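Using our numbering, you'd call the opening residue of the sequence shown number 133 and step up by one each time.
We put the beta carbon where it would ideally sit given N, CA and C, even for glycine.
Every value quoted in this text rests on a predicted model; they were computed, and no experiment measured them.
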Amino acid sequence: MPEKGAGIKMWQGVFPAVSTKFKSDDSLDFGEMARCYRLQMEAGVDGLIACGSLGEGPMLSHDERLDVLRTCQEAAAGKPALLTVAEASTRQACLLAERAARAGADGIMVVPSTIYHSNPKETVATLRAIAAAADLPVMIYSNRVAYRVDVTVEMLEELADDARFVAVKESSDDIRRSTDIINRLGTRYDLFTGVDNLAFEALAVGAVGWVAGLVLAFPKETVAIYQLMRAGRNAEALAIYRWFRPLLDLDVSTYLVQNIKLAEALAVGSNERVRAPRMPLEGAVRERAERVIRAAIETRPVLPDLQ
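Laid out in structure tokens, this is it:
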């Protein structure tokens with residue numbers, strides 16, 4: 133099995149999938165993004181990922197995505213800032229990947245195919261083409277639930293000969309997949325969990341990173357769980373995780389963007405603006421989400437000393 137290439141920057145820790153902030157006229161709100169991203173860094177996160185599903189990347193132009201990336205880079209202050217590449221066509225994905233590299237991205241997170249659900253041969257070819265276009269470290273985003281394209285263990289093994297593929301965001305919703313990857317491939321890939329309400333379980337079986345969503349509203353609690361797990365203080369982490377679970381369930385929803393932006397509004401004083409066709413939550417759906425968020429704020433745990 134080839135080793136990760138010399139000089140490739142490895143990733144681990146909590147990487148928020150940051151949200152994109154809008155002004156009332158639907159233009160990008162760079163000031164609010166900078167404020168919110170700094171809150172993440174101050175809480176001790178290890179990197180930022182721009183313009184994923186939570187970041188409404190598919191609703192943004194390539195220029196807007198690169199502007200969000202630059203805001204992440206400024207806030208990250210030397211820690212990794214990645215851009216998500218999720219396009220319908222391989223051609224457009226490669227163009228965006230090239231631009232991310234020219235903009236100084238530390239890497240890219242790649243969704244292999246959207247709209248058309250590629251077969252394994254097509255998926256591998258697409259991932260290879262995008263990696264070659266960017267010539268940057270790549271986190272493969274495997275999410276068969278949301279995108280209906282599964283990057284299997286066998287496909288990861290096939291891609292392992294290219295040292296640019298350094299990490300995988302495992303979001304198959306099957307916790308067994310994490311162990312399967314480690315059993316087959318060892319430490320060839322930095323394994324991240326991408327499902328908030330499976331994070332404790334994934335970290336317990338060997339994941340070294342967490343691409344997190346509810347971290348945007350509750351950054352200190354998310355970082356505490358991760359750091360406690362890495363320190364072997366699993367019981368303390370589990371106590372926080374049990375408090376966190378109802379919130380984390382909001383990430384696994386058709387309305388994950390609206391849910392998490394509502395949580396940001398209530399917990400860190402941000403706003404709920406989303407880009408159409410999305411609209412802020414209303415009615416019973418909003419009431420349920422707000423009830424969960426407010427209950428969590430009222431019962432916030434005292435965090436242990438992490439030193």
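Give the range of the beta strand (DSSP E) segment to which residue i is assigned.
i      : result
Thr431 : Per DSSP, Thr431 belongs to no beta strand (DSSP E) and is neither H nor E.
Gly239 : Gly239 to Val242
Phe147 : Gly145 to Pro148
Ile372 : Looking at the DSSP string, Ile372 is not in any beta strand (DSSP E); the run it does join, the alpha helix (DSSP H), is Asn366 to Leu380.
Rounded to the nearest angstrom, what separates residue i and residue j at their Cα positions?
i      : j      : result
Lys155 : Glu353 : 28 Å
Ser310 : Arg167 : 34 Å
Ile392 : Gly401 : 12 Å
Leu192 : Ala408 : 11 Å
Leu348 : Ser151 : 8 Å
Ala339 : Phe324 : 5 Å
Arg308 : Thr386 : 24 Å
Leu288 : Ala363 : 29 Å
Gly176 : Lys211 : 11 Å
Glu333 : Phe147 : 17 Å
Asp158 : Cys183 : 16 Å
Pro433 : Thr258 : 44 Å
Ile272 : Ala367 : 31 Å
His194 : Arg365 : 42 Å
Ala213 : Gln359 : 20 Å
Ile314 : Val285 : 9 Å
Ala278 : Asp306 : 13 Å
Classify residue i: buried if its beta carbon has 16 or more other beta carbons within 10 angstroms, exposed otherwise.
i      : result
Ser221 : exposed
Gly239 : buried
Thr319 : exposed
Thr255 : buried
Lys253 : exposed
Arg423 : exposed
Asp383 : buried
Arg405 : buried
Met133 : Confidence at Met133 is low in this model, with a pLDDT of 33, below 50, so the placement of that residue should be treated as unreliable; the coordinate-derived value is given next. Counting Cβ neighbours within 10 Å, Met133 comes out exposed, since fewer than 16 surround it.
Met411 : exposed
Glu164 : buried
Using C-beta distances below 7 Å, list every residue in its chain close to residue i, excluding the 5 sequence neighbours before and after it, in chain order.
i      : result
Glu196 : Leu160
Ala218 : Gly189, Pro190, Val243 and Thr246
Ser274 : Asp282, Val283, Val300, Lys301, Glu302, Ser303 and Ser304
Phe162 : Thr203
Arg280 : His249
Asp322 : Met142, Trp143, Gln144, Val298, Ala299, Val340 and Gly341
Gly236 : Gln205
Arg316 : Val285 and Glu289
Short of 8 Å in beta carbon distance, which residues of its chain neighbour residue i, apart from the five on each side in sequence? Order them along the chain.
i      : result
Leu356 : It is Ala, not Leu, that sits at residue 356 in the sequence shown. Within the same chain, Ala356 has close Cβ partners Ala369, Ile372, Leu435, Pro436 and Leu438.
Gly137 : Any reading at Gly137 must be qualified, since the residue scores a pLDDT of 46, below 50, and its modelled position is unreliable; the value itself is stated next. So the qualifying residues of the chain are Ala295 and Arg296.
Ala399 : Ala349, Phe350, Ile425 and Ile429
Val270 : Gly239, Ile240, Met241, Val242, Leu259, Ile262, Ala263, Arg296, Phe297, Val298 and Ala299
Leu388 : Ser185, Leu186, Gly345 and Leu382
Leu198 : Leu215, Arg231, Ala232 and Ala235
Could you round the C-beta distance between residue i and residue j to whole angstroms and report it? I think they count as a contact, below 8 Å.
i      : j      : result
Val200 : Gly179 : Not a contact, Cβ separation roughly 15 Å.
Ala208 : Met173 : 7 Å
Ala265 : Glu230 : 5 Å
Leu268 : Ala233 : 5 Å
By Cβ distance, which residues of its chain are closer than 6 Å to residue i, with the 5 residues on each side in sequence left out?
i      : result
Leu380 : Asp328, Asn329 and Leu346
Glu135 : Bear in mind that a pLDDT of 47 at Glu135, under 50, signals an unreliable position, so the number given afterwards is only what the model happens to contain. Hits under 6 Å: none found.
Ala331 : Thr325 and Trp342
Ala225 : Val217, Glu219 and Ile262
Trp375 : Pro433
Arg378 : Reading the sequence as shown, one finds Pro at residue 378 and not Arg. Result list for Pro378: Val424, in chain order.
Tell me where the alpha helix (DSSP H) around residue i begins and ends.
i      : result
Ile262 : Pro252 to Ala266
Lys301 : Where Lys301 is concerned, there is no enclosing alpha helix (DSSP H), although the beta strand (DSSP E) it sits in stretches over Phe297 to Glu302.
Met361 : Pro351 to Arg362
Asp195 : His194 to Ala208
Ala229 : Thr222 to Arg234
Ser310 : Arg308 to Leu317
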